[in-house]
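Number 325 in our numbering belongs to position 186 of the sequence shown; there are no gaps in the numbering. Glycine included, each C-beta is placed from N, C-alpha and C at the ideal position.
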Amino acid sequence: MGINEICASLKKYNNFLITVHTSPEGDALGSQLAFRSLIKKMGKQATMVNEDKVPYGYDFLPGCKSIRLLNKSSKNIDFDCLAVLDCADLKRTGDVYKLNKDKLPVINIDHHISNRNFGDVNWVQPYASSCSEMVYRLFKKLHLPLDYDSALALYTGIMTDTGSFHYSNTSSFTFKVVAELLKFGINVTQVYRNTYENIPVSDARLLLKLMSKVEFFCQGKVVGFQIKKDLVKSKKSFIDLADLLLNFGRSIKGVEVVVLFKENLGNNCEVRVNLRSQGNVDVNKVASFFGGGGHKPAAGCTLNGKIETIVKKVIAKIQESLT
Ligand SMILES: [Mn+2]
140 MGINEICASL KKYNNFLITV HTSPEGDALG SQLAFRSLIK KMGKQATMVN
190 EDKVPYGYDF LPGCKSIRLL NKSSKNIDFD CLAVLDCADL KRTGDVYKLN
240 KDKLPVINID HHISNRNFGD VNWVQPYASS CSEMVYRLFK KLHLPLDYDS
290 ALALYTGIMT DTGSFHYSNT SSFTFKVVAE LLKFGINVTQ VYRNTYENIP
340 VSDARLLLKL MSKVEFFCQG KVVGFQIKKD LVKSKKSFID LADLLLNFGR
390 SIKGVEVVVL FKENLGNNCE VRVNLRSQGN VDVNKVASFF GGGGHKPAAG
440 CTLNGKIETI VKKVIAKIQE SLT
């Protein structure tokens with residue numbers, strides 16, 4: 140299915156419930172906020188509900204305060220269509236998908252190669268830099284005018300998902316989109332500072348502690364970090380710390396894969412595994428083996444068990460892909 144089918148369904152329904160993945164970051168939030176604005180511009184209703192709150196680096200995004208957290212009152216939200224953005228799998232929405240108990244139509248807009256086409260209408264573009272780039276295309280296709288707030292949201296999404304325009308998903312089209320978005324007067328320095336240069340001192344100390352525990356595997360080709368519950372139990376959102384650790388890992392000479400193991404706060408034995416590759420190893424394959432997915436250079440999965448056992452299993456799988 141393509142953009143035409145998506146546009147046809149956007150015209151068909153009137154009241155959208157819009158959600159994105161748990162631990163939302165720039166692209167999830169950017170595409171969600173801009174998509175909400177697109178729906179409003181079509182003269183329709185939209186409610187945004189997420190399982191997790193907006194992390195501190197992204198609270199500058201206009202409209203992010205209207206994103207509702209999933210709670211008991213969410214059951215009363217009225218909608219005739221569930222729009223899921225930036226999720227390869229319906230379960231990546233956390234429990235938000237369960238609000239669709241009447242099995243109303245699901246629209247799936249995503250750029251993960253591992254997307255399971257879980258929607259009634261699916262628009263999956265693995266070569267798009269970001270979901271935000273896809274939402275930009277919807278604005279164009281539907282001839283809807285962009286505005287400063289939406290341009291800022293989309294720019295933030297594209298900037299974060301392309302690693303500030305240096306990952307291999309950055310295309311000439313990405314820069315065309317960005318050129319359009321910058322016409323709205325976005326302060327690129329400020330967006331970068333808000334997102335990446337805004338770490339509270341307590342988190343900076345925590346980050347240094349985590350960095351010092353770096354582990355090397357496979358003759359230095361694989362770097363691993365662990366975020367254990369007891370270290371971060373007072374933190375509700377540390378997605379940016381994860382990102383900083385992953386980026387630090389890949390800046391080390393000779394490293395091909397970086398892997399981060401994070402004990403989930405809510406669940407006793409759940410470990411989130413984030414993988415990054417410098418190009419040779421397809422980490423989507425590694426993550427898919429454990430029931431997750433993502434992109435060739437960036438992927439993730441969630442496993443149950445002791446973190447020590449999971450580290451061994453995942454490293455062994457990565458080692459297979461190295462040879
Ligand atoms: Mn994304």
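- Only residues of its own chain outside the window of five on either side were considered, and among them N154 have a CB closer than 6 Å to the CB of Q184, listed in chain order.
- Contact between L404 and L384 is absent: CB atoms are separated by about 17 Å, not below the 8 Å threshold.
- Of the candidates L347, V396 and G433, V396 places its Cα closest to the Cα of K360.
- Within the model, the alpha-carbon separation for P284 versus L320 is close to 11 Å.
- Between P244 and D259 a beta carbon distance of about 5 Å is seen, short of the 8 Å cut, so the two are scored as contacting.
- The DSSP assignment places 422–428 as complete runs of the alpha helix (DSSP H) inside the segment 418–447, in order along the chain (cut-off: 4 residues).
- The continuous beta strand (DSSP E) containing E409 extends over residues E409 to S416.
- Here Q171 carries a helix assignment [DSSP, helix/strand/coil].
- For M187, there is no enclosing alpha helix (DSSP H); the enclosing beta strand (DSSP E) covers residues Q184 to N189.
- Beta-carbon to beta-carbon, L414 and A438 are separated by about 5 Å, close enough to satisfy the 8 Å threshold.
- When only Cα atoms are considered, T334 and G302 end up about 11 Å apart.
- Taking a cut-off of 8 Å for Cβ pairs, the segment 342–350 and the segment 361–372 touch, as three or more such pairs fall below it.
- Around the beta carbon of K237, a 10 Å sphere encloses fewer than 16 other beta carbons of the protein chains shown; the residue is thus reported as exposed.
- According to DSSP, D249 shares a beta bridge with V263.
- The DSSP assignment places 287–300 as complete runs of the alpha helix (DSSP H) inside the segment 273–311, in order along the chain (cut-off: 4 residues).
- Around S289, the same chain offers A173 and S176 as residues with beta carbons nearer than 6 Å, after the five sequence neighbours per side are excluded.
- When DSSP reads this structure, R207 sits in a beta bridge with V188.
- Its Cα nearest to that of G388, the residue G363 stands out among K401, C270, Y197 and G363.
- For L149, the enclosing alpha helix (DSSP H) covers residues I142 to K151.
- At least one heavy atom of ligand 1 lies less than 7 Å from the C-beta of C270.
- Taking all protein chains in view, the Cβ of F278 is crowded by 16 or more other Cβ atoms within 10 Å, so the residue is classified as buried.
- Rounded to whole angstroms, the separation of the alpha carbons of S311 and I325 is 20 Å.
- The continuous stretches of beta strand (DSSP E) do not include V193, and DSSP gives it neither H nor E.
- Beta-bridge analysis with DSSP links I366 to K401.
- Secondary-structure assignment with DSSP links A222 through a beta bridge to I157 and I246.
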